[in-house]
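Visitor: Chains as they are written, first to last, in numbering that gives the first Met the number 0: chain A, 0 to 284; chain B, 0 to 314.
This structure is in structure tokens; I'll ask about it shortly.
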Amino acid sequence: MILLQVVVGGLLLGAVYALFSSGLTLIWGMMNVVNFAHGDFVMLAMYVAFLGYTVLGLGPAWFIPLAAAVMFLFGLLVYFALIRHVSRGPMLAQILSTFGLALLLRYSAFWVFSANFVTLPDTLVGGNFAIGGLRLQASRLVAGATALLLTIGLDLLLTRTALGGRLLAVAEDRAAAQLVGIRPDRMQALAWGIGAASTGIAGGLIALFFYISPTVGESLALIAFVTVCLGGFGSVPGALLAGLAIGVIESLSAYLIGPVYQDVVVYALFVLVLWVRPQGLLGRA
Amino acid sequence: MSRRFTALVVVAVLLAAPLLLGNAFLQRVAALVMLAAISASAWNLIGGYAGQVSIGHAVFFGAGAYSALLVYKLTDWPPIAGAPVGVAVSLLLACVIGLPTFRLRGHYFSMATIAVAELIRIVVSNWQFVGAAVGLMGPAVPRSLADLSFLSPLPYFYLFAAVLAVLLFLTWQMQRSRMGFYLGAIRAGERAALSLGVPVLRYKLLALLLSAGFTALAGSLYAVMVGFVDAESALGILISVQMVIIAALGGAGTLFGPLLGAAILIPLQETTNALFGGGGTGLTYIVYGAIILLIARFRPGGLLELLHWRRRRVA
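Dropping the structure here:
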């Protein structure tokens, strides 16, 4: 029974992983650029949520959309000020640009918010559910369910709407998309906006049940990399499956081996995947 | 002829400068510049010349640093005796990491190196045998000259400068040899290089081995000078990042780029640390982040490129 509890907990966490990872995979799919600052985007969103609560006195139903909106704009800003100029340049420049951004965000947060952990009060989405012998924290349940729905929503947006079609067209072939009247620049900017907004919502959701600190993005970034690699670069359904799987694997290894080694297991899995199947579970070679 | 003469004068002035400074803080900074230049130049072999952007070189640095103090702890030999062990471990690690990850291109390689480095950092910081969270200490009091424990930073400066000179000489030779051209071809386009008959995997591995060996040596020298090592100071991601930033600032894939980068960044870092104390570390990395972002955005070739560009315009 404890094992089932652990697995369900892992699935709920994994759904949130899937949400922000699908943002990373969207950006990668659109323009073959890895956002090394993706974890720090989540960190930033967590602080936006925190400020939304403490300064503006907003509840979760407001500060999570706020974080999404702020991050959407931030994603556009990053695209127009930075990514657009390096995306055609040497690979070193691409890697350095988002890596520099990661350092800048992480240590600016140190400067502004200090290294101390902060948390939102856990009564914000309080209470526990008991379902058939399982005890679930309401905050985690809400976070997991919201993230799951939004990730599926993002996939539907990409595959079922005209806008999604335009996005995927640019991902498929930039020049051909341009020929049929799609502006690749706009679509890529939008991908950065959506990708960042996914970290905004995920950050707001994680803040409901997790501590907030400037360095929290470091391990989240690696989790996003693992998820994207495992699911296949550019695949949102892949990211969803992989995110859920990683949530479960992490929870199980924390329970069976010890919490210290949960990251070790995940990173080792990452290296193994890169070794055995670099294109991921659902990715194309 | 005159260019060679100018170069000699520059080198002589650089070597004599710390003697003339007579200020222990500045001498220490000079020694640290040399040390950072060694590890960044070593990174440059694989990251710059071969274009394989590793963000996990702390693994090799840490192997060198830990080996030095572990050999001292186990055998009571001088820490520097651990340097060959560190290099050997590093070469082994380079094979283990390089063979699988070299099949990956571009960003994949960078992500894999980060993951491996973080993996090893977490394992080491929980491993009692290598000091776990506490770390390892060198000899508290120097027992003989072989401990290489000096009060003045000057001996370190000259030791590091000598190692750097060897590394730069090897790099220079490599640059002019067949290997230099092969690596250039690999950097420009791996598939194209492969189709032209360049043994891509072999030369990438060779570059990584050279790079890993010298990075480990830098790690050992660091441990000998500081006399203390723990997971954060030897294996932390910021150690890897520092090598990348220094090389990229000066000019990745150029002979003197890393030295130039170190000469700019290390004094900056030491000054902010001295001015702001412990809190300066955060500020240092804000500056680091801003610099690396600006280079990537405006001058991806590094500062040295600026210099060459101007010279060509004048000529």
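Yeah, the Cβ is synthetic: ideal placement off N, Cα and C, and Gly gets one too.
#1: Does any CB atom of chain B fall closer than 7 angstroms to the CB of His84 of chain A?
#2: Given 8 angstroms as the limit, is there contact between the region 82 to 94 of chain B and the region 207 to 221 of chain B, that is, 3 or more CB pairs closer than that?
#3: What distance in whole Å lies between the Cβ atoms of Ala60 of chain A and Val47 of chain A, which are believed to be in contact at a cut-off of 8 angstroms?
#4: For Ala161 of chain B and Gly85 of chain B, what's the separation of their Cα atoms in angstroms?
#5: For Ala39 of chain B, which residues of its own chain have a beta-carbon under 7 angstroms away from its beta-carbon, when the five flanking residues on both sides are left out?
#6: With a CB to CB cut of under 6 angstroms and the five nearest residues on each side skipped, what residues in its chain are close to Trp274 of chain A?
#7: For Gln127 of chain B, count neighbouring C-beta atoms within 10 Å of its own C-beta (all shown protein chains included) and say buried if the count is 16 or more, exposed if not.
#8: Using beta carbons (cut-off 7 angstroms, strictly below), is Phe109 of chain A in contact with chain B?
#9: Taking the beta strand (DSSP E) that Ala184 of chain B belongs to, which residues open and close that run?
#10: Keeping to the same chain, check which residues put their C-beta closer than 7 angstroms to that of Ile238 of chain B; ignore five residues upstream and five downstream.
#11: Work out the CA separation of Ala233 of chain B and Val223 of chain B for me, nearest whole Å.
#12: Have a look at A:Ala44, A:Leu100, A:Gly99 and A:Leu3 and flag the residue whose alpha-carbon is nearest the alpha-carbon of Gly132 of chain A.
#13: What whole-angstrom Cβ distance do Leu91 of chain A and Val52 of chain B have, given they're in contact under 8 angstroms?
#14: From the DSSP output, read off the bridge partner residues of Gln187 of chain A.
#15: Who are the Cβ neighbours of Leu219 of chain A in its own chain at under 6 angstroms, not counting the five residues just before and after it?
#16: Compare the C-beta of Val197 of chain B with all C-beta atoms of chain A and state if any pair is closer than 7 angstroms.
#17: Asn127 of chain A bridges to which residues according to DSSP?
#18: Give the interface partners of Met242 of chain B over in chain A, defined as CB-CB distance under 9 angstroms, in chain order.
#19: Would Val263 of chain A be called buried (16 or more neighbouring beta carbons within 10 Å of its own) or exposed?
#20: To the nearest angstrom, how far is it from the Cα of Val286 of chain B to the Cα of Glu269 of chain B?
#21: When you check each C-beta in the region 255 to 277 of chain A against every C-beta of chain B, which residues fall closer than 7 angstroms?
#22: Check Phe49 of chain A in the structure and name its three-state DSSP category.
#23: Between which two residues does the alpha helix (DSSP H) carrying Phe73 of chain A extend?
#24: Just the Cα atoms here: how many angstroms apart are Phe208 of chain A and Gly13 of chain A?
#25: For Met242 of chain B, does the three-state DSSP call read helix, strand or coil?
#26: Counting only beta-carbon separations shorter than 7 angstroms, does Ser96 of chain A have a partner in chain B?
#27: Assuming Gly81 of chain B contacts Leu69 of chain B (C-beta within less than 8 angstroms), just tell me the rounded distance between them.
#28: Do the region 107 to 120 of chain B and the region 220 to 232 of chain A meet, that is, are 3 or more Cβ pairs less than 8 angstroms apart?
#29: For Gln187 of chain A, count the other beta carbons within 10 Å of its own beta carbon; 16 or more makes it buried, fewer makes it exposed. Which is it?
#30: Taking the alpha-carbon positions, what's the Gly196 of chain B to Tyr181 of chain B distance?
#31: Which chain A residues are close to Gly324 of chain B, counting only those with a beta carbon under 9 angstroms from its beta carbon?
#32: Is the CB-CB distance between Val228 of chain B and Tyr65 of chain B below 7 angstroms?
#33: Skipping 5 residues on each side, what residues in its chain have a beta carbon closer than 8 angstroms to that of Leu204 of chain B?
#34: For Leu251 of chain A and chain B, any beta-carbon pair shorter than 7 angstroms?
#35: Mind reading off the beta-carbon distance from Gly199 of chain A to Phe71 of chain A? Whole number of angstroms is fine, and I expect it under 8 angstroms.
#36: Under 7 angstroms between beta-carbons, which chain A residues line up against Tyr221 of chain B? List them in chain order, please.
Guide: With the given structure in hand:
#1: yes
#2: yes
#3: About 15 angstroms separates the two Cβ atoms, so there is no contact after all.
#4: 19 angstroms
#5: Met242, Ile245, Ala246, Pro257, Gly260 and Ala261
#6: none
#7: exposed
#8: yes
#9: Taken as a continuous stretch (DSSP letters only), Ala184 of chain B belongs to no beta strand (DSSP E), being part of the alpha helix (DSSP H) at Arg177 to Ala187.
#10: Ala57 and Phe60
#11: 13 angstroms
#12: A:Leu3
#13: 6 angstroms
#14: In the DSSP output, where bridge partners are listed per residue, Gln187 of chain A has none listed.
#15: Gly38 and Val41
#16: no
#17: A:Gln136
#18: Ordered by position in chain A, no residue passes the 9 angstroms Cβ test against Met242 of chain B, which lies about 12 angstroms from the chain.
#19: buried
#20: 12 angstroms
#21: Val259, Asp262, Val263, Tyr266, Ala267, Phe269, Val270, Leu273, Trp274 and Pro277
#22: helix
#23: Pro59 to Val77
#24: 14 angstroms
#25: helix
#26: yes
#27: 6 angstroms
#28: yes
#29: buried
#30: 10 angstroms
#31: Any answer about residue 324 of chain B is impossible in this case: the structure gives chain B only from 0 up to 314.
#32: yes
#33: Ala93, Cys94, Gly97, Leu98 and Phe101
#34: no
#35: 7 angstroms
#36: In chain order: nothing, as chain A lies at least about 21 angstroms away.
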